[in-house]
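One structure is given below, encoded as structure tokens.
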Amino acid sequence: MGKAKTKLAIVLVLVCVMGALAACAPSSSESGGDAGEPAASPYADGKVGNKTGFDPEGPYIENIDQYPEAMDAADRNARNAEANKPSTYTDQFGFTVQPVPADPKGFNMTYLNAENRGCLSCHTTIEDALMSMDTWHTVGAMGYPTQLTVANCIGCHYSKVHGDQRPMSSNMHGIHNGKEGFIEMGGTCDSCHFVDGNGDFQMWDYVKYDQYRGITDLTAEEASLSVSYDQETITPDGQIFFEGMRQGSDPASWMTDDENYDEALADSWVVTIDGEVENPIEMTVTELVEKFGTETVVAKQNCLANGVAGGWIYQAEFTGVPISAILDYVKPAEGVQQALTVSADGAYQLNLPIKYYEIENALLVTEMNGKTLPPSQGYPIATCFPGTSSGYMVKQLEHITFSSDPTPMGKMPIGQLVKDPQTGTAIGLPNSAVLSHPDGVLLEGQAGKELTFEGYADGWDEPISKIEFSLDHGKTWTEVEMTEDYDLDKWVYWRINITPPEAGSYLLNIRTTSTMADGTERVCDRNTQFLFTVN
Ligand SMILES: Nc1nc2c(c(=O)[nH]1)N[C@H]1C(S)=C(S)[C@@H](COP(=O)(O)O)O[C@H]1N2
Ligand SMILES: [Mo]
């Protein structure tokens, strides 16, 4: 201790000398010291930190004399960030995507190992993963540049309940764990999951944006979003999602060739409407159109399995024979409860309660957006129940059978929104997504410039009452309220303008609210999250 005291005087003398060297002192800015003022040193030579190491007889740390340089925090972080720059790729729509934000420490890349987690860190697209399976699997391809995510898988693989044929957890573990491809890519539990502070396994893709650093938060005031919406926007040709279901999911049965179809088919394609009706009919598509005429409606079509932030939705102008006119003619018997609607290949058999056929503007569709219905949409004729699901659009329609028997007929149960196994509430009700850009998009040369993002909100059979946007992880929101004349057959198509002030990554949270039948408000159980980076 005496040794230390004698050195103190020399230290004080050296304080002035150290002033010139202050820039070398590690963490001088982090410790909050005034610039130019040296940290007080207990050492004779005024050095800061231990550059010689403890006496080997005392507390011992191996290589301690090499530590001070290596432990220079600012420098280490900068080197880590430089060596671990997030990468970018071009997605299937031609957008440049940077899934992980850059941060000053390289924290996301190293500590979170973010680029090696989540479905799309290994799979180019989910569609591609499904196509490469040994067994045929339905593929639902987005028409908008919106990526399929695990949220869409949950739409069908929802249940963890024993006895369910298709629970996500058992399927996904079965095809990943211990499998060659997964092992080769260094797959672990962490590839798909995030273990939270309670030791609970979360889906990484659901929680990643709450873990990332380097996202620039903007309060609602700073973001000063301008939001507009309409209910009329029609999905452009080629942006309608495609679901390759059909017969047993075999791609050979998919109707993907929309250019090359038999134009004379409408004259020979017979639709049968029978069962408990007074006047059963068997008529060609051409005869149906001649006898009952056509009407045109604009309606959204939303897949029941569309997940949070998913793009399995579109809006189109449908022209076809009004089902109301057909019902007036065939006259279903008193007490008819339901009808089974079957496609020509017999693979799609949908049973729907009679109330759907009684929807005022329900159609047997022959045209879409002013053109002959393309094969992918059901040429030569398909059902359309405005305000309901695209799943109720039975394509290549052949047969409708009315029945007073309440027992479900056909191969498929009546479609209904499925429940999220984690939240216990209906998936994507109400829902929203960005449709103009993929999540994680990198927009080059756009810092400080005005950007427009577009997307939808839809509440199924509940009207949307408001849509809220946040750019500060949900602390403050910009909201837009829907007007009284809300049209339930249509979606809400919104546009937001934002000028990101500087280069960096930004996170848009979208929270949607609908009004339930009893008048109470329903808020989406998961926000739609959309990351974008500008430089
Ligand atoms: N004949 C037939 N119609 C069908 C299907 C099908 O597999 N076969 N899939 C249904 C489902 S679940 C949906 S979501 C839509 C998908 O339509 P899209 O591929 O045109 O988007 O078609 C519906 N109609
Ligand atoms: Mo669907």
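Per mature numbering (1 follows the signal peptide of the UniProt record, and there is no 0): the sequence shown = residues -22 to -1, 1 to 513.
Cβ atoms here follow ideal geometry from the backbone N, Cα and C, with glycine treated the same way.
Please read these numbers as outputs of a predicted model, since none were measured by experiment.
(request) Return the chain-ordered list of same chain residues with a C-beta closer than 7 angstroms to the C-beta of Thr68, the five sequence neighbours on each side being excluded. (result) Taken in chain order, the residues that qualify are Thr74.
(request) Report the residue from Ser147, Gln374, Asp23 and Asp450 whose alpha carbon sits nearest the alpha carbon of Ser321. (result) Gln374
(message) One question on the structure: do Thr491 and Glu499 come within less than 7 angstroms of each other, judged by their Cβ atoms?
(response) yes
(request) From the DSSP output, in three-state form, read off Tyr136 for me. (result) coil
(request) Can you give me the Cβ contacts of Asp208 inside the same chain, cut-off strictly under 6 angstroms, excluding the 5 residues immediately before and after it? (result) Tyr471
(request) Would you kindly work out how many angstroms separate the C-alpha atoms of His415 and Leu429, rounded to a whole number? (result) Their Cα atoms are separated by approximately 11 angstroms.
(message) Quick check: what's the CA-CA separation for Asp195 versus Leu485?
(response) 8 angstroms
(request) Tell whether a beta-carbon distance below 7 angstroms holds between Leu413 and Val372. (result) no
(request) Grab me the residues of Asp188's own chain with a C-beta within less than 8 angstroms of its C-beta, minus the 5 sequence neighbours each way, in chain order. (result) His451
(request) With a cut-off of 6 angstroms, give the chain-ordered residues whose Cβ is closer than this to any heavy atom of ligand 3. (result) This structure lacks ligand 3; its bound ligands are ligand 1 and ligand 2.
(request) Report all residues from its chain with a CB closer than 8 angstroms to the CB of Thr454; omit the five preceding and five following residues, and keep chain order. (result) Thr197, Ala198, Glu199 and Ser448
(message) Taking 6 angstroms as the cut-off, is the C-beta of Gln374 nearer than that to any heavy atom in ligand 1?
(response) yes
(message) Starting from Gln189, trace the alpha helix (DSSP H) in both directions and tell me its first and last residue.
(response) Trp182 to Gln189
(message) Please report the distance separating the alpha-carbon of Asn513 from that of Gln424.
(response) 6 angstroms
(request) For Phe172, count neighbouring C-beta atoms within 10 Å of its own C-beta (all shown protein chains included) and say buried if the count is 16 or more, exposed if not. (result) buried
(request) Give every residue of the same chain whose Cβ lies closer than 6 angstroms to the Cβ of Glu457, excluding the five residues on either side of it in the sequence, and list them in chain order. (result) Lys444 and Glu446
(request) Would you mind reading off the limits of the alpha helix (DSSP H) that contains Arg57? (result) Ala51 to Ala61
(message) I'd like the span of the beta strand (DSSP E) that includes Met346, first residue to last.
(response) Leu341 to Met346
(request) Starting from the C-beta of Gly121, find all residues in its chain whose C-beta is less than 6 angstroms away, skip the five residues before and the five after it, and write them out in chain order. (result) Gln217, Ile218 and Phe219
(message) Under 6 angstroms: does the beta carbon of Met146 sit that close to some heavy atom of ligand 1?
(response) No, Cβ of Met146 sits at least 6 angstroms from all heavy atoms of ligand 1.
(message) I need the boundaries of the beta strand (DSSP E) containing Lys278, first residue and last residue.
(response) Residues Glu273 to Asn280.
(message) Please state the DSSP three-state secondary structure of Thr456.
(response) strand
(request) Might you give, ordered along the chain, the residues of its own chain that have their beta carbon closer than 6 angstroms to the beta carbon of Gly253, omitting 5 neighbours on each side? (result) Answer for Gly253: Thr379, Phe380 and Ser381, listed in chain order.
(message) Taking DSSP's pairing of strands, which residues face Leu196 in a bridge?
(response) Per DSSP, Leu449.
(request) Enumerate, from N- to C-terminal direction, the unbroken beta strand (DSSP E) stretches of 3 or more residues contained entirely within the region 193 to 266. (result) 204 to 208, 220 to 222, 248 to 253 and 259 to 262
(request) Kindly indicate which three-state DSSP category Ser5 falls into: helix, strand or coil? (result) Interpretation of Ser5 is limited by its pLDDT of 38, a score under 50 that renders its predicted location unreliable; the figure taken from the coordinates is listed afterwards. Ser5 falls in the coil class under three-state DSSP.
(request) Assign Pro229 to buried or exposed, taking buried as 16 or more other Cβ atoms, counted over all protein chains shown, within 10 Å of its Cβ. (result) exposed
(request) Assign residue 515 to one of three DSSP states: helix, strand, or coil. (result) Any property of residue 515 remains undetermined from this structure, which presents the chain solely from -22 to 513.
(message) Please return the same chain residues whose Cβ sits closer than 6 angstroms to the Cβ of Met233, not counting the five positions on each side in sequence.
(response) Pro353 and Ser354
(request) Kindly examine ligand 1 and report whether one of its heavy atoms sits closer than 6 angstroms to the Cβ of Gln355. (result) yes
(request) Decide if Pro384 is buried, meaning its Cβ has at least 16 other Cβ atoms within 10 Å, or exposed. (result) exposed
(message) I'd like to check one pair, Ile359 with Val263: are the Cβ atoms closer than 7 angstroms?
(response) Less than 7 angstroms divides the Cβ of Val263 from the Cβ of Ile359.
(request) In the DSSP assignment, find the beta strand (DSSP E) that holds Val308 and state where it starts and stops. (result) Careful: Val308 lies outside any beta strand (DSSP E), inside the alpha helix (DSSP H) at Ile301 to Val308.
(request) Closer than 6 angstroms by C-beta to Asp174: which residues in its own chain qualify, once you throw out the five before and the five after it? Chain order, please. (result) Gln180
(message) ligand 1 and Met371: does any heavy atom of the ligand fall closer than 6 angstroms to the residue's C-beta?
(response) Because some heavy atom of ligand 1 lies under 6 angstroms away, the Cβ of Met371 counts as near it: yes.
(message) Give me the DSSP bridge partner(s) of Gly482.
(response) Val512
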